[in-house]
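Following this line, the structure appears as C-alpha cells:
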C-alpha cells in the first residue's frame, strides 16, 4: 500500500479502545498459573520420556524406537515453547502482584533454559512508536529490503543459539565477576534476546544489574550441573543429555523463528514508521486455532492485536481481535492484518526479498557494508525466542525492569 493510501485511511485508537473495552485488560492469575505450570511440568516429563522411554518400551523394533523418540521430541518442543513464551507476558504484566509468577517462571523455565527474564526487558523498545523498526529495536530486521540470503542466515542461527547461551552464562558471566571492566561490553552486546546481534542494549538501572547478577549466578549453576552430570550421573565423557537438550533447543528456536518470520511483513526500511505503517506491518492469524495455537502459543498468533493493546493479557487477545473485526468499519486497515496462512505470508516475504535480490543483481553488486545486510546477518545468531512481540503505544511497560 502506498503512502498516500495509508495517510487517507487513518486508524482511530479511540474507536478501537471503545470496542475492546476495559474489562479485557485484567490478567487472570488462575489462567496464567495453570497454563504455565501444566505446560512446563508436562514438558519436563515429556523430555524425560524422550530420553528413556524408547529404550525401555521399543524392544528390538527400531521403527517403534524412532516413533517414540519422534513423538516425545515433538511434544517436548511444543510444551517447552509454550512455557518459554511466557517471558513475553512477563514484560507486559503489572509489576505489582506478579512477583511469585516471575520467580516461578525463572526457576522452572528461564534459568534452566538459560534465558532468564532480564534478557527480555528491552522488548519494550519494540513497542515504542519511535523505536519500532529502527536501530533501537533489536527485534526487527528489514527482511523485505534484503536478499533471501538474509532469511536463510536468520534461520541458520538456530544451530548456534543454544551454544551462545552456554557461552554467555558458563564463561562470560564468571569473567565479568572476576574482571568488572568486561561487564559493560557484556551487558551492551551479550545480554539481550534479539534478532540483530549488532543491537546495543542501552544502560539500565542499578536494580536491573542486581537482578541480572542473581540470575547469572543461577544460570552458571545450571551450566556447572550440565558439565558435572556427565561424569557423576551419566558416568560417561559424552552425556546423552547434552545432545537431547541441544536438539530440543534447536527445535524450539526453529519453530519460534518460523513464527517470527510471519509475525511481521518486515517492510520497514530502518527509519521511523507511522502508526498506520506499523499496524500494516504486523499480522494476525485468527483461523485454524487447532494448529496456529501450537506454533503461536500464548497469544503470539494475534501479533497485530497485541501491537494495538500491549497490556492486554494473552488469554483475551482472541476476544479483542474478534470484537475489532466485528465492529470496525469495513474499510479499516486493521482488517488487512488478518492473514490466512503463516507459510503463505513467509512465501510472500521470500518473494519481496527475491525482488530485492533481482534489483541488486541488475545493479551489479550487493554492498556488504550495508547496515540492512548487517542486520540480516545478525539474525543468524540469536532467536527472536525468544519471541518477538510488539506494540504501538509509546508509553513504557510498568514493569520494564521487573524480575
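Numbering (this note's numbering), first residue to last: 1134 to 1536. We put the beta carbon where it would ideally sit given N, CA and C, even for glycine. In this text, all values refer to a predicted model and were calculated from it rather than measured experimentally.
Within 10 angstroms of the Cβ of residue i, are there 16 or more other Cβ atoms? Answer buried if so, exposed if not.
i, result
"residue 1513", "Residue placement at residue 1513 cannot be trusted, given a pLDDT of 30 that sits under 50; the coordinates are not used to answer."
"residue 1411", "buried"
"residue 1515", "Confidence is the limiting factor: at residue 1515 the pLDDT is only 32, short of 50, which leaves the residue's position unreliable, though a coordinate-based value still follows. Answer is buried; the Cβ neighbour count reaches 16."
"residue 1301", "buried"
"residue 1249", "buried"
"residue 1366", "exposed"
"residue 1180", "buried"
"residue 1206", "buried"
"residue 1464", "exposed"
"residue 1284", "buried"
"residue 1369", "exposed"
"residue 1176", "buried"
"residue 1203", "exposed"
"residue 1322", "exposed"
"residue 1335", "exposed"
"residue 1538", "The structure shown has nothing for residue 1538, since the chain only spans 1134 to 1536."
Quick check: what's the CA-CA separation for residue i versus residue j?
i, j, result
"residue 1294", "residue 1462", "44 Å"
"residue 1510", "residue 1288", "Any reading at residue 1510 must be qualified, since the residue scores a pLDDT of 34, below 50, and its modelled position is unreliable; the value itself is stated next. Their Cα atoms are separated by approximately 10 Å."
"residue 1387", "residue 1145", "36 Å"
"residue 1195", "residue 1371", "23 Å"
"residue 1427", "residue 1496", "42 Å"
"residue 1150", "residue 1420", "23 Å"
"residue 1210", "residue 1380", "9 Å"
"residue 1313", "residue 1347", "15 Å"
"residue 1534", "residue 1189", "Note that residue 1534 scores 45 on pLDDT, short of 50, meaning its location in the model is unreliable; the coordinates nonetheless yield the value given after this. Cα to Cα, residue 1534 sits roughly 46 Å from residue 1189."
"residue 1172", "residue 1384", "17 Å"
"residue 1252", "residue 1320", "10 Å"
"residue 1409", "residue 1466", "8 Å"
"residue 1220", "residue 1192", "40 Å"
"residue 1566", "residue 1225", "Coverage of the chain is limited to positions 1134 through 1536, which leaves residue 1566 absent and any answer about it impossible."
"residue 1349", "residue 1197", "41 Å"
"residue 1390", "residue 1311", "35 Å"
"residue 1255", "residue 1325", "7 Å"
"residue 1148", "residue 1232", "34 Å"
"residue 1432", "residue 1441", "13 Å"
"residue 1355", "residue 1485", "43 Å"
"residue 1487", "residue 1394", "15 Å"
"residue 1290", "residue 1155", "40 Å"
"residue 1098", "residue 1240", "Only positions 1134 to 1536 of the chain appear in this structure, which leaves residue 1098 out of reach."
"residue 1439", "residue 1423", "20 Å"
"residue 1143", "residue 1333", "33 Å"
"residue 1359", "residue 1201", "25 Å"
"residue 1259", "residue 1329", "12 Å"
"residue 1451", "residue 1227", "20 Å"
"residue 1152", "residue 1404", "31 Å"
"residue 1257", "residue 1269", "11 Å"
"residue 1425", "residue 1315", "42 Å"
"residue 1437", "residue 1344", "31 Å"
Taking residue i as part of the alpha helix (DSSP H), name the residues at either end of that continuous run.
i, result
"residue 1393", "1373-1396"
"residue 1342", "1339-1362"
"residue 1486", "1475-1496"
"residue 1168", "1162-1190"
"residue 1156", "Here residue 1156 belongs to no alpha helix (DSSP H), and DSSP marks it neither H nor E."
"residue 1215", "1195-1217"
"residue 1366", "Residue 1366 -> no alpha helix (DSSP H), and no H or E assigned at all."
"residue 1455", "1450-1460"
"residue 1424", "1422-1428"
"residue 1236", "1232-1238"
"residue 1281", "1281-1289"
"residue 1412", "1408-1413"
"residue 1310", "1306-1311"
"residue 1298", "1294-1300"
"residue 1441", "1436-1441"
"residue 1320", "1316-1322"
Measuring only between beta-carbons, confirm whether residue i sits less than 9 Å from chain B.
i, result
"residue 1210", "In the structure shown, chain B does not exist; there is a single protein chain."
Give me the Cβ distance between residue i and residue j, rounded to the nearest whole Å; I'm assuming they're in contact under 8 Å.
i, j, result
"residue 1306", "residue 1352", "7 Å"
"residue 1160", "residue 1430", "Residue 1160 to residue 1430, Cβ: 16 Å. No contact."
"residue 1281", "residue 1480", "About 11 Å separates the two Cβ atoms, so there is no contact after all."
"residue 1417", "residue 1435", "5 Å"
"residue 1184", "residue 1377", "5 Å"
"residue 1303", "residue 1406", "Not really, about 39 Å apart at Cβ, beyond 8 Å."
"residue 1272", "residue 1327", "6 Å"
"residue 1449", "residue 1178", "About 29 Å separates the two Cβ atoms, so there is no contact after all."
Closer than 8 Å: is that where the CB of residue i sits relative to any heavy atom of the ligand FAD?
i, result
"residue 1397", "No copy of the ligand FAD appears in this structure; indeed no ligand is present at all."
Margin query: With three or more beta-carbon pairs closer than 8 Å as the criterion, would you say the segment 1442-1462 touches the segment 1245-1256?
Written below: Counting Cβ pairs under 8 Å, fewer than three are found: no touch.
_Is it the case that the segment 1465-1475 contacts the segment 1154-1172, given that we only count it when at least three CB pairs across the two stretches are under 8 Å?_
Look at the beta carbons and you see the segment 1154-1172 not touching the segment 1465-1475: under three pairs across the two are nearer than 8 Å.
Inset, instruction - Give a yes or no on contact between the segment 1395-1406 and the segment 1267-1279, applying the rule of three or more CB pairs nearer than 8 Å. - result: Contact annotation: the segment 1395-1406 touches the segment 1267-1279, with at least three C-beta pairs closer than 8 Å.
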